[in-house]
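Residue numbers (our numbering), protein chains in the order written: chain A, 483 to 734; chain B, 10 to 336.
A virtual CB, placed ideally from N, CA and C, is assigned to each residue, including glycine.
Written below as structure tokens is the structure these notes are about.
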């Protein structure tokens, strides 16, 4: 079953083309890493898929009414905005908004989803703390939990692990893998290619205004692609502990 | 949370009753309240029904309007220092009123002034929406509001400047201070439909404002239509604050201070804050209107002057708190 399908998507911002001709499908049980150099349009692609930015082409999600879309896909933007000093539990509960009717208050199943999200991100001890007074990494985890609490078949997250310590980077990616094991899917934009090859089932390389490669990590992170699109060389081997990817040097 | 609402509702009820019981016609509280319900065919019933009731009702309605609009504006702009006057409603309503006084329209018939003020408010908001465009973020809305506010202030000064007779200038200055004195049920009936429409629009905002805690992008992805949210907020604010300014003049600081004081008691959630601020605003305006009648009963102390005198130091305290929190 396809959770997201894009057909010939193109976006221009202020008359400047960001990307064009992007077609892809995300099925069930995938952790898709969206990679590419700065300014390649990773954020714009995810926002266009959600219908948050005007785009040509077709997106199965953007076609839906806003409320239905919010029950199919959760979005975690790159800017980690928490406008008011609410506690972590209240923040995570905001993820339940699409599931509540007008004027309906939080139900037991909503609380259960919030509890689940809090424990998935290891935030039980912080649930009554004021979110704006947490450290940057803790805020990020709270916002990931908020996205998980939305309990959608698809999660799109824009650099969710940037700014986290190594343990939480790994556990967040593992959490995405757990979600995928339940038949849901996650699309994450990510700059840490080492984590991407270990935790993503599939990588999508966006560069130079087009979709350059889409497939298993070994097929996407080829020496040619790394040189042409990232301008780096890398050491990429399969070990008994899983694939190891280490960028080495800049080639240009 | 609900305990807070009960506490606020009781406070408002007590202040409303107190507002009805206070006035120069010294009558026992019980007798004056019963004269309100049972016509005694004497002066007391007339005082209660024609003078005190509209005054108390207007205090209640204006307080609800200012409180709700303030909480809505702060929630939408995600800024605790935002105020309903930010979108230019109060300024342009004042301009309409000033023109009515200057041209003698206000003297010609009773509703001349409030109707002109309403026209000013609606015209001002129309211009703000035109300037800010149908979409656009909160920044353009603030800029358009400031532009229209400054323009109305400038034009009001011009009218004052050119005012041929000193009494008109005097009247304008006093009107701009804001007051609930000498209002009639006609004012209540003029303001009520508009305010009710405004309240209904603002009452539909809480969920969207809660979602906006996460920023505009995340709120939209949660299924909130931001364009519609903004339209409801601006029109709702214009209707109820415009009507409030039209019948009572400019009463400042209520929309700014009330949401700020109540925010900690609703766990900082912008949605529930709208309801709390409705009652909190009513309590503040009713209390202030009681105080102006108690401390200087003969001098007609203006309500807007009192709210400013109380509000400004509170505002300073809030700035101090904000600075300490490092926000």
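To the nearest angstrom, report how far apart residue i and residue j are at their CA atoms.
i                     : j                     : result
residue 88 (chain B)  : residue 115 (chain B) : 37 Å
residue 117 (chain B) : residue 110 (chain B) : 10 Å
residue 655 (chain A) : residue 570 (chain A) : 21 Å
residue 261 (chain B) : residue 290 (chain B) : 11 Å
residue 206 (chain B) : residue 29 (chain B)  : 26 Å
residue 3 (chain B)   : residue 250 (chain B) : Lying before the first or after the last residue shown, residue 3 (chain B) is absent from chain B, which here runs from 10 to 336.
residue 191 (chain B) : residue 15 (chain B)  : 31 Å
residue 106 (chain B) : residue 196 (chain B) : 14 Å
residue 625 (chain A) : residue 314 (chain B) : 44 Å
residue 706 (chain A) : residue 142 (chain B) : 47 Å
residue 224 (chain B) : residue 658 (chain A) : 23 Å
residue 579 (chain A) : residue 104 (chain B) : 41 Å
residue 147 (chain B) : residue 642 (chain A) : 26 Å
residue 677 (chain A) : residue 652 (chain A) : 7 Å
residue 52 (chain B)  : residue 168 (chain B) : 41 Å
residue 554 (chain A) : residue 564 (chain A) : 23 Å
residue 181 (chain B) : residue 274 (chain B) : 39 Å
residue 259 (chain B) : residue 158 (chain B) : 13 Å
residue 318 (chain B) : residue 58 (chain B)  : 30 Å
residue 27 (chain B)  : residue 198 (chain B) : 22 Å
residue 296 (chain B) : residue 24 (chain B)  : 6 Å
residue 675 (chain A) : residue 277 (chain B) : 39 Å
residue 43 (chain B)  : residue 49 (chain B)  : 9 Å
residue 694 (chain A) : residue 509 (chain A) : 20 Å
residue 300 (chain B) : residue 602 (chain A) : 55 Å
residue 649 (chain A) : residue 520 (chain A) : 25 Å
residue 590 (chain A) : residue 606 (chain A) : 18 Å
residue 217 (chain B) : residue 228 (chain B) : 7 Å
residue 108 (chain B) : residue 125 (chain B) : 8 Å
Residue i: which of the options sits nearest, CA to CA?
i                     : options                       : result
residue 682 (chain A) : A:661, A:693 and A:597        : A:661
residue 719 (chain A) : A:590, A:534 and A:727        : A:727
residue 136 (chain B) : B:149, B:153, B:127 and B:146 : B:153
residue 201 (chain B) : B:191, B:220 and B:257        : B:257
residue 245 (chain B) : B:164, B:93 and B:316         : B:93
residue 505 (chain A) : A:729, A:714, A:723 and A:688 : A:688
residue 633 (chain A) : A:523, A:592, A:642 and A:612 : A:592
residue 214 (chain B) : B:85, B:175, B:327 and B:99   : B:85
residue 493 (chain A) : A:484, A:538 and A:512        : A:538
residue 528 (chain A) : B:91, B:193, B:57 and B:226   : B:226
residue 151 (chain B) : B:97, B:308 and B:20          : B:97
residue 586 (chain A) : B:281, B:297 and B:293        : B:281
residue 665 (chain A) : A:498, A:487, A:488 and A:511 : A:511
residue 235 (chain B) : B:220, B:21 and B:248         : B:220
residue 230 (chain B) : A:490, A:523, A:636 and A:551 : A:551
residue 130 (chain B) : B:253, B:71 and B:208         : B:253
residue 101 (chain B) : B:310, B:283, B:121 and B:247 : B:247
residue 309 (chain B) : B:33, B:172, B:333 and B:22   : B:33
residue 63 (chain B)  : B:138, B:125 and B:193        : B:193
residue 122 (chain B) : B:67, B:95, B:184 and B:134   : B:184
residue 160 (chain B) : B:203, B:328, B:176 and B:99  : B:99
Comparing the C-beta of residue i with each C-beta of chain B, is any distance below 8 Å?
i                     : result
residue 593 (chain A) : no
residue 661 (chain A) : no
residue 572 (chain A) : yes
residue 568 (chain A) : yes
residue 576 (chain A) : yes
residue 565 (chain A) : yes
residue 677 (chain A) : no
residue 534 (chain A) : yes
Strictly below 7 Å CB to CB, what residues from chain B border residue i?
i                     : result
residue 549 (chain A) : 232
residue 448 (chain A) : Absent from the model: residue 448 (chain A). The displayed extent of chain A is 483 to 734, so no value can be given.
When the cut-off is 8 Å and only beta carbons count, does residue i lie next to chain A?
i                     : result
residue 12 (chain B)  : no
residue 219 (chain B) : yes
residue 276 (chain B) : yes
residue 245 (chain B) : no
Name the chain B residues that come within less than 8 Å of residue i, Cβ to Cβ?
i                     : result
residue 579 (chain A) : 216, 219, 220, 231, 232 and 233
residue 703 (chain A) : Those do not exist, as residue 703 (chain A) stays about 29 Å from chain B at its closest Cβ, beyond 8 Å.
residue 552 (chain A) : 230, 231 and 232
Could you name the residues of chain A that residue i contacts, counting a contact when the two beta carbons are closer than 9 Å?
i                    : result
residue 26 (chain B) : Here the premise fails: no neighbours, minimum Cβ distance about 30 Å.
residue 91 (chain B) : None at all; the shortest Cβ gap to chain A is about 12 Å.
residue 87 (chain B) : 563, 565 and 566
Please compile the residues from chain A whose C-beta is within a distance smaller than 7 Å of the C-beta of residue i.
i                     : result
residue 279 (chain B) : 566
- Item | Validate contact between the region 64 to 84 of chain B and the region 261 to 271 of chain B using beta carbons, cut 8 Å, 3 pairs | Touching, per the Cβ criterion.
- Item | Three CB pairs or more closer than 8 Å across the region 583 to 602 of chain A and the region 559 to 575 of chain A | Cβ pair count under 8 Å is three or more, so yes.
- Query: Quick one: any contact between the region 692 to 699 of chain A and the region 537 to 551 of chain A, if contact means 3 or more CB pairs under 8 Å?
  - Reply: By the Cβ rule, the region 692 to 699 of chain A does not count as touching the region 537 to 551 of chain A, because fewer than three pairs are nearer than 8 Å.
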